[in-house]
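**Student:**
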Amino acid sequence: QVQLVESGGGLVQPGGSLKLSCVASGIIFRLYRIAWYRQAPGKQRELVSVITSGGRTNYADSVKGRFTCSRDNAQNTVDLQMNSLKPEDTAVYYCNANFESGDYWGQGTQVTVSS
93 QVQLVESGGG LVQPGGSLKL SCVASGIIFR LYRIAWYRQA PGKQRELVSV ITSGGRTNYA
153 DSVKGRFTCS RDNAQNTVDL QMNSLKPEDT AVYYCNANFE SGDYWGQGTQ VTVSS
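The numbering of the sequence shown is our numbering, which starts it at 93 and goes up by one.
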């Protein structure tokens, strides 16, 4: 059974930092592209970052220079370090694992940026 479990969300003040983690089980993790998406209330889900099986990363323009994604294949984990957080980063953040016909989602973790 495939499971993706996100953690690390919470309430943070503008300008603060959070680190989200996504731990996967039930898949050959190193083969999978891992993406972070987010969905704010009343908005469509949007892609935040991608890390390929080879470790290459891409980021949405809105988070470039502030967010950094990394993976540890030995621990089946992908982290998303989020710095200089803004109120507009408030959303539920989801982890997605994709490889060939496999496409899996976590349950999401809430990030709230507010003073």
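All C-beta atoms, glycine included, are put in the ideal place defined by N, C-alpha and C.
1. Leaving aside the five residues before and after P106 along the sequence, list all residues of the same chain whose C-beta is less than 8 Å from its C-beta, in chain order.
2. Beta strand (DSSP E) containing N190: first to last residue?
3. Looking at the structure shown, is L177 part of a helix, part of a strand, or coil, going by DSSP?
4. Can you check which of these residues, D153, R130, L123, is closest to Q199 by C-alpha distance?
5. Using the C-alpha atoms, what's the distance from F191 back to G146?
6. Please state if the CB of S113 and the CB of T169 are separated by a distance shorter than 8 Å.
7. Leaving aside the five residues before and after L103 along the sequence, list all residues of the same chain whose C-beta is less than 7 Å from its C-beta, in chain order.
8. Look at the Cβ atom of L96, then the Cβ atom of A116, and state whether they are nearer than 8 Å.
9. For V142, which residues from the same chain have a beta carbon less than 6 Å from its beta carbon, with the 5 sequence-adjacent residues on both sides left out?
10. Since T144 is in the beta strand (DSSP E), which residue starts that stretch and which ends it?
**Tutor:** Let me spell this out:
1. L177, K178, P179, V205, S206, S207
2. 183-191
3. coil
4. R130
5. 13 Å
6. yes
7. T204, S206
8. yes
9. A127, N150
10. Where T144 is concerned, there is no enclosing beta strand (DSSP E), given that its DSSP letter is neither H nor E.
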